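What follows is a short report on a single structure.
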């Protein structure tokens, strides 16, 4: 959830409680801030000059921690994607105060009213961010994209770049983007389909307070420019993963798909939303039928995202092909080093491999240790996200105590029947006897407490 509009600060106590419960850091220790201030003045010294290349960035309008800039050019029937990634390793040395703090955080943690960054703002939103206010050190990944959308890494170099524009998803014009931007995204989608990859673009979940003082939920589908921009990052990450796997090194993102029980719950959820999921269609096939601009489909896409078994990081193992079920491919994270600790090391490994050098021992050793570190940070981020969703669900139901809601039972457990409301993307539990997954029931809202992040329903029929 990216936005929580609360002009009277009614939910401030709830958000503060979430930060305290999950120990979300409020600020950096003084020695880390001091080290970051010094590092921000470190001049690039190992970077070729690519400031003539007209790179641009494309992000939410409010973002200032810009990991990626890009340029695209034609090469015969192929496209060359030049993807510049913030050179975080230039500013952060192994075992310095910034590095040690980053290992305790693992990743940036986001809440509706702010974030706890992986690195101090003087770096993440200043010297290391690819802002268009001057030259920045970066690592440029060049990938060749063939007409079928296959991405192959062609080269990696440290370079000095200068972004020409900070473009925003909600206002960018076609003529501001590099030629080939839409075509590259089209090729990527075609390659996804050919591999059998999942294509779920869940909407952003936003809570707003209406004129009557009630909180209402709005699901905002991703903008077309946002979906197309994701194709650039995906192509680069797939190309990097293939190169590292071939070199016998790397850190990979792996994930199993939803199991049979989770898929069964999803079928019941689809029924709750009145979506027609053909019995003979697989989940991957049904996903492609969904229109994220349609509210019921958008809510169901959120349910799909929550139904997976969770992704993890694993280092290279001889004889093992790491697999990401949603991508239907071997996959690595390399394109967000300002926000994910693991990416900093994947970038360094790819830089070494692409230039015929041995991967530094410090990077290989980090790969062996990063899995548990990233798992802990992702668990915390997931818990925070779930708590914020619980808070939002309680908020939008506040004032509706005593109302009846249609619901569908999606699962049974020791804590009661898990239900999906038919008219709101709210998942809850209630005590209900003699029910089965798929049953339609009516429940009455007994209480909604945003501070405690709790809602209580009672079955009435």
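Residue numbers (our numbering): 74 to 534.
Beta carbons are placed, not taken as given, at the ideal position from N, Cα and C, and that holds for glycine.
Note that the structure is a prediction, hence the values are computed from the model and not measured.
Using the Cβ count rule (16 or more neighbours within 10 Å means buried), how would you classify residue 438?
Taking the chain shown and counting its residues from 1, one reaches residue 438 at position 365. Looking at its Cβ environment, which holds fewer than 16 other Cβ atoms inside 10 Å, residue 438 is exposed.
Taking the straight line between their C-alpha atoms, what separation do you get for residue 126 and residue 146?
What you label residue 126 is simply residue 53 of the chain shown in a count that begins at 1. What you label residue 146 is simply residue 73 of the chain shown in a count that begins at 1. Going by the C-alpha atoms only, they are around 11 angstroms apart.
Just curious, the beta strand (DSSP E) that residue 480 is in, first and last residue?
For the purposes of this step, residue 480 is identified with residue 407 of the chain shown, where counting begins at 1. Counting along the chain, the unbroken beta strand (DSSP E) around residue 480 starts and ends at 477-486.
Cβ atoms of residue 420 and residue 322: under 8 angstroms apart, would you say?
One-based indexing of the chain shown puts residue 322 at position 249. One-based indexing of the chain shown puts residue 420 at position 347. Result no, Cβ atoms of residue 322 and residue 420 do not sit closer than 8 angstroms.
Residue 91 (DSSP reduced to helix, strand or coil)
Position 18 of the chain shown, counted from the first residue, corresponds to residue 91. In the three-state DSSP reduction, residue 91 falls in the helix class (H, G or I).
Does the region 392-407 come into contact with the region 291-310, if we say contact requires no fewer than three beta-carbon pairs (one atom in each stretch) closer than 8 angstroms?
Judged by Cβ distances under 8 angstroms, the region 392-407 makes contact with the region 291-310, as three or more pairs qualify.
Go to residue 470, then tell me how far its alpha helix (DSSP H) extends in each direction, as first and last residue.
By 1-based counting over the chain shown, the position of residue 470 is 397. It spans 434-470 - the alpha helix (DSSP H) in which residue 470 sits, taken as one unbroken run.
Taking DSSP's pairing of strands, which residues face residue 96 in a bridge?
Position 23 of the chain shown, counting from 1, holds the residue named residue 96. None, per the DSSP bridge assignment.
Distance, Cα to Cα, residue 482 vs residue 498?
The residue labelled residue 482 in the question sits at position 409 within the chain shown. The residue labelled residue 498 in the question sits at position 425 within the chain shown. Looking at the two C-alpha atoms, the distance is approximately 14 angstroms.
Beta-carbon separation of residue 253 and residue 524 under 8 angstroms?
Within the chain shown, numbered from 1, the residue matching residue 253 stands at position 180. Within the chain shown, numbered from 1, the residue matching residue 524 stands at position 451. The Cβ atoms of residue 253 and residue 524 lie no closer than 8 angstroms to each other.
List the residues that DSSP assigns as beta-bridge partners of residue 239.
Position 166 of the chain shown, counting from 1, holds the residue named residue 239. Beta-bridge pairing links residue 239 to 130.
Same chain only: Cβ atoms within 7 angstroms of residue 343, ignoring 5 sequence neighbours per side:
Your numbering for residue 343 matches position 270 in the chain shown. Apart from the 5 residues on each side of it in sequence, residue 343 sits with its Cβ closer than 7 angstroms to the Cβ of 350 and 373 in its chain, given in chain order.
Of the residues 187, 314 and 196, the one placed nearest residue 98, counting alpha carbons only:
Numbered from its first residue, the chain shown carries residue 98 at position 25. When only C-alpha atoms are compared, the closest one is 187.
Taking buried to mean at least 16 other C-beta atoms within 10 Å of its own C-beta, is residue 96 buried or exposed?
Locating residue 96 in the chain shown gives position 23, where the first residue counts as 1. Exposed: under 16 other Cβ atoms inside 10 Å.
Distance, Cα to Cα, residue 333 vs residue 533?
Taking the first residue of the chain shown as position 1, residue 333 is located at position 260. Taking the first residue of the chain shown as position 1, residue 533 is located at position 460. When rounded, the distance between both Cα atoms is 30 angstroms.
Answer with buried or exposed for residue 535, where buried requires no fewer than 16 other C-beta atoms within 10 angstroms of its C-beta.
Look at the range of the chain in this structure, 74 to 534, and you will see that residue 535 is not part of it.
Report buried or exposed for residue 394, applying the criterion of at least 16 other Cβ atoms within 10 angstroms of its Cβ.
Start at 1 with the first residue of the chain shown, and residue 394 comes out as number 321. Residue 394 comes out exposed.
Closest by C-alpha distance to residue 103, when choosing among 320, 477, 189 and 171
Counted from its first residue, the chain shown places residue 103 at position 30. It is 171.
Across which residues does DSSP place residue 341 in a beta bridge pair?
As a first step, residue 341 must be located in the chain shown, where it is residue number 268. BP columns for residue 341 are empty, so no partner.
Residue 178 vs residue 207 beta-carbon contact at 8 angstroms
Position 105 of the chain shown, counting from 1, holds the residue named residue 178. Position 134 of the chain shown, counting from 1, holds the residue named residue 207. No; because the gap between Cβ atoms is not below 8 angstroms, this pair is not in contact.
Give every residue of the same chain whose Cβ lies closer than 6 angstroms to the Cβ of residue 345, excluding the five residues on either side of it in the sequence, and list them in chain order.
The residue you call residue 345 lines up with position 272 of the chain shown. 481, 493 and 495.
Figure out for me which residue from 195, 295, 130 and 78 has the closest Cα to the Cα of residue 100.
Start at 1 with the first residue of the chain shown, and residue 100 comes out as number 27. Measuring from the Cα of residue 100, the nearest candidate turns out to be 195.
Identify, in the order they occur along the chain, each residue of the same chain with its Cβ nearer than 7 angstroms to the Cβ of residue 124, setting aside the five sequence neighbours on each side.
In the chain shown, residue 124 corresponds to position 51, counting from 1. Result list for residue 124: 208, 233, 234 and 235, in chain order.
Delimiting residues of the alpha helix (DSSP H) encompassing residue 369
Residue numbering aside, residue 369 sits at position 296 when the chain shown is read from its first letter. Boundaries of the alpha helix (DSSP H) around residue 369: 368-380.
Work out the CA separation of residue 511 and residue 527 for me, nearest whole Å.
Mapped onto the chain shown, residue 527 falls at position 454. Mapped onto the chain shown, residue 511 falls at position 438. Spanning the two alpha carbons is a distance of roughly 24 angstroms.
If we call anything under 8 angstroms between Cβ atoms a contact, is residue 159 one with residue 203?
Your numbering for residue 159 matches position 86 in the chain shown. Your numbering for residue 203 matches position 130 in the chain shown. Yes. Within cutoff.
Where residue 330 falls: helix, strand or coil (DSSP):
Numbered from its first residue, the chain shown carries residue 330 at position 257. Residue 330 falls in the coil class under three-state DSSP.
In the DSSP output, what is residue 30 paired with across the bridge?
This structure cannot settle anything about residue 30, because the visible part of the chain is limited to 74 through 534.
Leaving out five residues on either side along the sequence, give the residues of the same chain with a beta carbon under 7 angstroms from the beta carbon of residue 415.
Here residue 415 is taken as the residue at index 342 of the chain shown, counted from 1. Closer than 7 angstroms at Cβ, skipping near neighbours: 324, 386, 406, 443 and 447.
Please specify which runs of the beta strand (DSSP E), each continuous and at least 3 residues long, are wholly inside the region 282-328, giving them in chain order.
Runs of the beta strand (DSSP E) lying entirely within the region 282-328, each at least 3 residues long, are 288-293 and 324-328 in chain order.
Would you mind stating whether residue 212 and residue 424 have Cβ atoms separated by less than 8 angstroms?
Sequence index remark: in the chain shown, residue 212 carries index 139 (1-based). Sequence index remark: in the chain shown, residue 424 carries index 351 (1-based). Taking the C-beta atoms as reference points, residue 424 is found nearer than 8 angstroms to residue 212.
Within 10 angstroms of the Cβ of residue 400, are there 16 or more other Cβ atoms? Answer buried if so, exposed if not.
Taking the first residue of the chain shown as position 1, residue 400 is located at position 327. Counting Cβ neighbours within 10 Å, residue 400 comes out buried, since at least 16 surround it.
I need the straight-line Cα distance from residue 466 to residue 460, nearest angstrom please.
For the purposes of this step, residue 466 is identified with residue 393 of the chain shown, where counting begins at 1. For the purposes of this step, residue 460 is identified with residue 387 of the chain shown, where counting begins at 1. In this structure, the straight-line span from the alpha carbon of residue 466 to that of residue 460 is close to 10 angstroms.
With three or more C-beta pairs closer than 8 angstroms as the rule, is the region 366-380 touching the region 484-492?
No, the region 484-492 is not in contact with the region 366-380.
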